[in-house]
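Chemist:
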Amino acid sequence: MLKVSIIIPVFNEEGNILAIVEKLTVVFESSPAIEFKIIFVDDGSTDQSLPILMSLSAKNPIVFYVSLSKNFGKDNALMAGINFSDADAVITMDADLQHPPELIPELLNWWKQGYDVVYAYRKDKNIHASFFTRVRSQLFYYIINKLSDVKLENGISDFKLMDKKVTEVINKLPEDKPFLRGIIKWVGFKQIPIEYEPDERSSGSTKYDFNTLISLATNGLTSFSTKPLSFAIYLGFFFSVISLLYIPYVLMSFYFHWDRGPGWASIIVTIAFFGGLQLMIMGIIGLYLGKTFIQSKKRPKYIIQSSNIEIPE
Ligand code: UDP
Ligand code: MG
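Taking our numbering, I'd label the letters of the sequence shown as residues 15 to 327.
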C-alpha cells in the first residue's frame, strides 16, 4: 500500500486544527488505496495548539505531532515534518485551510502519472489579498526571477506534493534557513505546476508581519543568487569611470582659473552620494558574509521538544 504523509506547520492555529483534520478525513475517503498520515509540526505555538494536537493524536490513529522547542519559522517546521515522514510522498499544506484539501486527489493523480513534484500556485487574481500585498508579492517574484537561476511562478505556494526521491534530497540539505520554495524547484526531477484558488483564512490571523516578510524576501534572494554582489562591482566600475572623466575637468578648471568658487555644493553632493553608494554595497556584501557566518556555526535547523513518532531511519 502506498503511504502519503500530509505535513502541516502550526503556529498558533488552535481554531483550525480540528477543522482541517475533518476536511482531510473526508478527502482521504476518496483514495482508499493510500495509507494517509497527518503530521502536524507545532512551531512553538503559544496558544492551545499543542495540547489540542496531543490529545487529538492520542485519539485519532492517523494524526501525529512533532513539537519544536520554540518558533523556528515555517520552512524549518516543514523540514522537520519531512524528516519525520517515512511515506512514499509528502504533501505540505497550511493549517488555515487556505490551501483547499479538495485539491489533494489532483496532486495524487499527477504523482501516479509519474511526476515527482506537483506544486500549486495561486491564480493571478489573489482575491483574498490587498492590493499592496499583491504588488509586493509580484515584485518579489519579478526580482528573484531576474536575479537567480531557478524560475518561480508568481504566487507559487508551499502547497505541494513531493515524491520520496525529492524528500530524501531535502532531508540531506545542510542549508541554514532553507528557502524551500526555491530549493524544491532547484532539485529538479519531474515537476508540474497546477493552479489553485486560495480560500480565506479560516480562523486566526496571518503569522507574517511586514518585517518578517522583508527578512524572508531578503533570505530568498540571497539564498539563490550572488548577482547582487556583481551588481556592486558594475556599479562601482561605472562610477569610477565617471569620476575619472571628471578629473581632467577639475585640473583644467584649476589651471585656467575657470571656476575658483567655493565649490561647496559639488563636494558635499559627491561625498554624500558616494558615501551612500559605498554603504549600500558594503551592506550587500555584509548580507552574504552574515549568511556564511551563521552557516559556519552549523546549528540545527530546529530542535525537537516532543513527538509521538520516531524519526525513520
Ligand atoms: N507558520 C509556522 N511558523 C511560522 C509562521 C507560520 O509554522 O513562524 C505556519 C502557519 O501556522 C500556517 C502556515 O505556516 O499553517 C502559513 O502561515 P500564514 O497562513 O500565517 O501565512 P499566509 O497565508 O498569511 O502567507
Ligand atoms: Mg494563510
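Ideal Cβ positions, reconstructed from N, Cα and C, are used throughout, including at glycine.
Since the structure is predicted, the reported quantities are computational estimates derived from the model, not experimental observations.
Within the present structure, is the beta-carbon of residue 61 separated from the nearest heavy atom of ligand 2 by less than 7 Å?
Modeler: For the purposes of this step, residue 61 is taken as the residue at position 47 of the sequence shown. Checking every heavy atom of ligand 2 against the Cβ of residue 61, none is found closer than 7 Å.
Chemist: Compute the minimum distance between the beta carbon of residue 136 and the heavy atoms of ligand 1, and state whether it is under 7 Å.
Modeler: Your numbering for residue 136 matches position 122 in the sequence shown. No, ligand 1 has no heavy atom inside 7 Å of this Cβ.
Chemist: For a test of your reading of the model: does the CB of residue 319 fall under 7 Å from any non-hydrogen atom of ligand 2? Yes or no.
Modeler: Against the sequence shown, residue 319 aligns to sequence position 305. No - ligand 2 has no heavy atom lying nearer than 7 Å to the Cβ of residue 319.
Chemist: Among 106, 80, 169, 175, which has the Cα closest to the Cα of residue 120?
Modeler: Position 106 of the sequence shown holds residue 120. For residue 120, the nearest C-alpha among the options comes from 175.
Chemist: Closer than 7 Å is what we want: which residues have a beta carbon that near any heavy atom of ligand 2? List them in chain order.
Modeler: Spelled out in chain order, the answer is 108, 110, 112, 215, 220.
Chemist: Closest to residue 320 by C-alpha separation, out of 15, 54, 41, 170, would be which residue?
Modeler: For the purposes of this step, residue 320 is taken as the residue at position 306 of the sequence shown. Considering only alpha carbons, the answer is 54.
Chemist: Check whether the Cβ of residue 115 lies closer than 7 Å to any heavy atom of ligand 1, and answer yes or no.
Modeler: The sequence position of residue 115 within the sequence shown is 101, counting from 1. No, the beta carbon of residue 115 sits no closer than 7 Å to any heavy atom of ligand 1.
Chemist: Which residues in the same chain as residue 309 place their Cβ atom closer than 7 Å to its Cβ, once the five residues preceding and following it in sequence are excluded?
Modeler: For the purposes of this step, residue 309 is identified with residue 295 of the sequence shown, where counting begins at 1. Hits under 7 Å: 190.
Chemist: Could you have a look at residue 119 and say whether DSSP puts it in helix, strand or coil?
Modeler: As a working note, residue 119 is residue 105 in the sequence shown. Three-state result, residue 119: helix.
Chemist: In whole angstroms, give me the CA-to-CA distance for residue 170 and residue 292.
Modeler: Locating residue 170 in the sequence shown gives position 156, counting from the first residue. Locating residue 292 in the sequence shown gives position 278, counting from the first residue. Their Cα atoms are separated by approximately 35 Å.
Chemist: Just the Cα atoms here: how many angstroms apart are residue 56 and residue 81?
Modeler: On the sequence shown, position 42 is the one that residue 56 refers to. On the sequence shown, position 67 is the one that residue 81 refers to. Each residue's alpha carbon lies about 5 Å from the other.
Chemist: Tell me where the alpha helix (DSSP H) around residue 262 begins and ends.
Modeler: Taking the sequence shown and counting its residues from 1, the one referred to as residue 262 is at position 248. Unbroken alpha helix (DSSP H) run through residue 262: 241 to 269.
Chemist: Measure the alpha-carbon distance for residue 31 versus residue 215 and round it to whole angstroms.
Modeler: As a position in the sequence shown, residue 31 is number 17, starting the count at 1. As a position in the sequence shown, residue 215 is number 201, starting the count at 1. One C-alpha to the other measures close to 13 Å.
Chemist: Which residues mark the beginning and the end of the alpha helix (DSSP H) in which residue 203 is found?
Modeler: As a working note, residue 203 is residue 189 in the sequence shown. No alpha helix (DSSP H) holds residue 203; DSSP gives it neither H nor E.
Chemist: Distance check for residue 132 and residue 212, CA to CA, integer angstroms please.
Modeler: Working through the sequence shown from its first residue, we reach residue 212 at position 198. Working through the sequence shown from its first residue, we reach residue 132 at position 118. About 16 Å.
Chemist: Along the chain, where does the beta strand (DSSP E) containing residue 106 start, and where does it finish?
Modeler: Mapped onto the sequence shown, residue 106 falls at position 92. Segment 103 to 106, the beta strand (DSSP E) holding residue 106.
Chemist: What is the DSSP secondary structure of residue 163, reduced to helix, strand or coil?
Modeler: In the sequence shown, the residue the question calls residue 163 occupies position 149. Residue 163 falls in the coil class under three-state DSSP.
Chemist: In three-state terms, what does DSSP make of residue 15?
Modeler: Start at 1 with the first residue of the sequence shown, and residue 15 comes out as number 1. Three-state DSSP puts residue 15 in coil, outside helix and strand.
Chemist: Ligand 1 heavy atoms versus the CB of residue 222: any closer than 7 Å?
Modeler: To locate residue 222, count along the sequence shown from 1; it is residue 208. Residue 222 Cβ: within cutoff of ligand 1.
Chemist: Under a CB-based cut-off of 8 Å, is residue 214 close to chain C?
Modeler: Looking for chain C here will not work: only one protein chain is present.
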